[in-house]
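Peer 1:
In my numbering, the protein residues as written are 168 to 548.
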């Protein structure tokens, strides 16, 4: 029998009877759960993505009223009165960064950079995504001549908003200022060295300055006075060098030009000559061994590095450079325990003698070598 137009369609599947009404409800439920479980994570991720970039909402009504009064005083140039109003606003709601930022701007106007720094830090604490807080902090630190801290503040701000024009411009200007100050310091140092008769020292200082600011007229003017004297002294010095010293000098020149095999030949001739004359433990021999070890390291001749560094350490047991190089070479030939011993020797020395770069390197090496030694012990059991 054919069903009527409004009758519900039903059929049998197995022993169960399923009506069209039940089928429709099933489809609606399926659609609801599908939408719920599929779109909910998308909405949540969208919300978490947008949230950090949302505009800071106004604070408490009374706090906003104090802020409005503060803005009025700021426009009138009554900065201390404005500060008082912003303080009242922060006392009610300290989590609105604009109150702290405006307060910092007032302190800048009255040249109170200590308080400006404090207000700027409170601004950042209230909202780390409020970029103006970093600009206020950088401005305060620059005024206090804390250039290193200023650059850190700018970098932190640029980490939040890498395209911020104010932060980028201030960082560029500050970098130029630092470079100019460093060049000026080099020029002053070179002038003092010239007056004290240290012509080689003055020449090297001016070379460093010219790398920072090539074409600087002050540097070129001083170099025109120093360079002729330096070249004359160099000719006299080289004329008085022994054969062994000449080979060492040529080895240095080849090393600077990255001709490591040629440098090794000259250092070897220098050491052979010193050995023949019974000066194998002289300062010149120690320098030649150290420099040849550096060359061997560049071409991954780890056995050569170990041999030359050991020769240096026989004369100077606390030579940091030789200990570090030998440790690296020992690790390169998988003699991990010896490498670890040299690293521990370096780390036991005074920090001022070793230097931060070597301490950091040796700490990383010690961690890596300890792990390797423990793995070797475990595999041998």
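Glycine included, each C-beta is placed from N, C-alpha and C at the ideal position.
1. Going along the chain, which unbroken runs of the alpha helix (DSSP H) with 4 or more residues stay wholly within the region 227-300?
2. If the criterion is Cβ atoms closer than 7 Å, does the pair residue 532 and residue 510 meet it?
3. Just checking my contact of residue 317 with residue 325 at CB under 8 Å: how many whole Å lie between their CB atoms?
4. Give the DSSP-derived three-state secondary structure of residue 516 in the structure shown.
5. Spatial neighbours of residue 464 within its chain, please: CB distance less than 8 Å, with the 5 preceding and 5 following residues excluded, ordered by chain position.
6. Can you look up residue 500 in the DSSP assignment and give me helix, strand or coil?
7. Are residue 389 and residue 408 touching if we call contact CB-CB under 7 Å?
8. Using the C-alpha atoms, what's the distance from residue 265 back to residue 292?
9. Does the Cβ-Cβ distance between residue 431 and residue 396 come in under 7 Å?
10. I'd like the ranges of any alpha helix (DSSP H) spanning at least 4 consecutive residues and lying wholly in the region 378-412.
11. Mapping DSSP to helix, strand and coil, what is residue 547?
12. With C-beta atoms as the reference, is residue 479 less than 7 Å away from residue 448?
13. May I ask you to report which of helix, strand or coil DSSP gives residue 457?
14. Following the continuous alpha helix (DSSP H) through residue 340, name the residue where it begins and the one where it ends.
15. Rounded C-beta distance between residue 513 and residue 525? I'm assuming under 8 Å.
16. Can you grab the Cα-Cα spacing for the pair residue 331 / residue 519, in whole Å?
17. Below 7 Å CB to CB, which residues in the same chain sit around residue 412 once its five sequence neighbours on both sides are set aside?
18. Tell me, to the nearest whole angstrom, how far the beta carbon of residue 337 is from that of residue 321; I am working on the premise that it is less than 8 Å.
19. Over the uninterrupted alpha helix (DSSP H) stretch that includes residue 442, give me the two end residues.
20. Can you tell me whether residue 382 is buried or exposed, with buried defined as 16 or more other CB within 10 angstroms of its CB?
21. Residues in the same chain with beta-carbon distance under 8 Å from residue 250, minus the five sequence neighbours each way, listed in chain order, please.
22. Comparing alpha-carbon positions, which option in 424, 422, 454 lies nearest residue 437?
23. Beta-carbon within less than 7 Å of residue 441's beta-carbon, same chain only, minus the 5 sequence neighbours each way: which residues are those?
24. Report the rounded CA-to-CA distance for residue 334 versus residue 529, giving the unit in angstroms.
25. Label residue 364 either buried or exposed according to how many other C-beta atoms from any shown protein chain fall within 10 Å of its C-beta, with 16 as the threshold for buried.
26. Could you tell me whether the Cβ atoms of residue 459 and residue 434 are closer together than 7 Å?
27. Leaving out the 5 sequence neighbours to the left and right, which residues in its chain are closer than 8 Å to residue 361 when beta-carbon positions are compared?
28. Assign residue 527 to one of three DSSP states: helix, strand, or coil.
Peer 2: This is what the structure holds:
1. 228-243, 246-259, 264-276, 280-293
2. yes
3. That belief does not hold up - the Cβ atoms of residue 317 and residue 325 are roughly 13 Å apart, past 8 Å.
4. coil
5. 472, 492, 495, 496
6. coil
7. no
8. 12 Å
9. no
10. 384-406
11. helix
12. no
13. helix
14. 332-362
15. 6 Å
16. 40 Å
17. 451
18. 6 Å
19. 427-443
20. exposed
21. 237, 270, 273, 274
22. 454
23. 411, 447, 449, 451, 452
24. 36 Å
25. exposed
26. yes
27. 369, 389, 392, 393
28. helix
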